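Trainee: According to the working numbering, the residues represented by the sequence shown are 11 to 280, in order.
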Amino acid sequence: MLDMYGEDVLSGNWRRRKVIPEVDAEPDLVVEDVDSGFCGAVVGFELGAVVLEDRRGKRRNFPLEPAAFLLEGQVVTLRRPVARPAAPARQRTASGSVAVAGVRAQVAKASRIWVEGVHDAALVERIWGDDLRIEGVVVEPLDGIDDLAGAVREFRPARERRVGVLVDHLVAGSKESRIVAAVTDPNVLITGHPYIDVWQAVKPERVGLKAWPVIPPGQPWKEGVCRAVGIAEPYEMWRRILGSVNSYKDVETPLINAMERLIDFVTEPS
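1. Between the region 149-161 and the region 118-128, do three or more beta carbon pairs fall short of 8 Å?
2. With a threshold of 6 Å on Cβ separation, who are the neighbours of Trp222 within its own chain once the five nearest residues in sequence on each side are excluded?
3. Alpha carbon to alpha carbon, what distance is there between Arg65 and Asn71?
4. In the structure shown, what three-state DSSP assignment does Asn71 receive?
5. Mind the definition here: the region 187-204 touches the region 223-233 only if three or more C-beta pairs lie below 8 Å; say whether that holds.
6. If you draw a straight line from the C-alpha of Val276 to the C-alpha of Ile137, how long is it?
7. Contact between the region 81-88 and the region 37-53: three or more CB pairs below 8 Å?
8. What is the C-beta distance between Gly202 and Val177, in whole angstroms, given that I count them as a contact (C-beta under 8 Å)?
9. Please name the residue in Met247, Leu199, Gln229 whose C-alpha comes closest to that of Leu219.
10. With a threshold of 7 Å on Cβ separation, who are the neighbours of Ala161 within its own chain once the five nearest residues in sequence on each side are excluded?
11. Residues bridged to Arg122 by DSSP?
12. Go ahead and label Pro31 buried or exposed: buried means 16 or more other beta carbons lie within 10 angstroms of its beta carbon, across all protein chains shown.
13. Is the CB-CB distance between Asp140 and Thr87 below 7 Å?
14. Count the other CB atoms, across all protein chains shown, that sit within 10 Å of the CB of Tyr150; report buried if there are 16 or more and exposed otherwise.
15. Between Cys61 and Gly54, what straight-line distance do the alpha-carbon atoms span, to the nearest angstrom?
16. Can you tell me which residues form a DSSP beta bridge with Glu42?
17. Check Ala211 in the structure and name its three-state DSSP category.
18. Use the C-beta contact count for Val19: other C-beta atoms within 10 angstroms, 16 or more gives buried, fewer gives exposed.
19. Which residues mark the beginning and the end of the beta strand (DSSP E) in which Ala59 is found?
20. Over what stretch of residues does the beta strand (DSSP E) that includes Val1 continue unbroken?
21. For Trp24 and Glu56, I'd like the C-alpha separation in whole angstroms.
22. Quick one, are the C-beta atoms of Leu158 and Ile189 less than 7 Å apart?
23. Please go through the same chain and pick out, in chain order, the residues whose beta-carbon is closer than 7 Å to the beta-carbon of Ala268, but skip the five residues on each side of it.
24. Just curious, the alpha helix (DSSP H) that Val190 is in, first and last residue?
25. So, for Arg122: in the same chain, excluding its five sequence neighbours on each side, which residues have a beta-carbon less than 6 Å away from its beta-carbon?
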């Protein structure tokens, strides 16, 4: 057939007579094979061919040849999509916070968090250390809280110089609750957990125990625990306990809640 200009429109390779758009064969993309008329959705690839599935569930493979498919009535060339790298998983600190890359520890703020002893401080460091360094908050161990009111007076808290205190065995009627009641400074927040010692705030199964031993009143608690589990010295038991803690998931919820409240309190903008 010749048109008025004398050109045979069917001569030559008509597929190459114009630029054919290339389209990624994404899953569920519906196309039609030009030669066979088979229409279906992309469901995968096999041996370099695209697999199409029609509405009846029938599947056929088609080579990824140039201009071999129709997409919404337009001739296209399908191509296999380039695999995209998976998005990196969000890193988290031991406390469960989102880790912030490339951030240096801040210069220490005037506010402080006090804990009862070195074991408390080590456990707090293990879980919340990264968060506290970013916030510039220092954790200081006290030698018990018997003179907590005096320590507060000496520190002289202020709006921009706050104190958060973590107390062991803070339950109604305890000696600790009476000591805490004597501190009324609005720039001091005292929270605590119900456990006799911070050791007990670690989940017992993490240490290989079904439950923490019950030690009769009047006996030293740590020494009693060591005797009950067959460990000679408290420092050996503590090494075992601390080594079992890697994140907030290894400690009991009351300790987590108490520490989160303290961190929020001492980092609140003045």
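No residue lacks a Cβ here, since even glycine has one placed at the ideal position from N, Cα and C. No experiment lies behind these values; they were computed from the predicted model shown.
Mentor: Taking the geometry as given:
1. yes
2. Gln210, Pro214
3. 15 Å
4. strand
5. no
6. 17 Å
7. yes
8. 4 Å
9. Met247
10. Leu152
11. Val148, Val173
12. exposed
13. no
14. It is Glu, not Tyr, that sits at residue 150 in the sequence shown. Its Cβ having fewer than 16 others within 10 Å, Glu150 is exposed.
15. It is worth fixing the name first, because residue 61 is Val in this sequence and not Cys. Using only the alpha carbons, I get a separation of about 5 Å.
16. Cys49, Leu80
17. helix
18. Caution applies to Val19, whose pLDDT of 49 falls short of 50 and renders its modelled position unreliable; the value that the coordinates give is listed next. Per the 10 Å Cβ criterion, exposed.
19. 59-63
20. As shown, the chain starts at 11 and ends at 280. That puts residue 1 outside it, with no answer to give.
21. Note that Trp24 has pLDDT 49, beneath the 50 cutoff, so the model's placement of it is unreliable and the number below is only indicative. Roughly 28 Å between the two C-alpha positions.
22. yes
23. Leu176, Thr201, Gly202, His203
24. 185-191
25. Val148, Glu150, Val173
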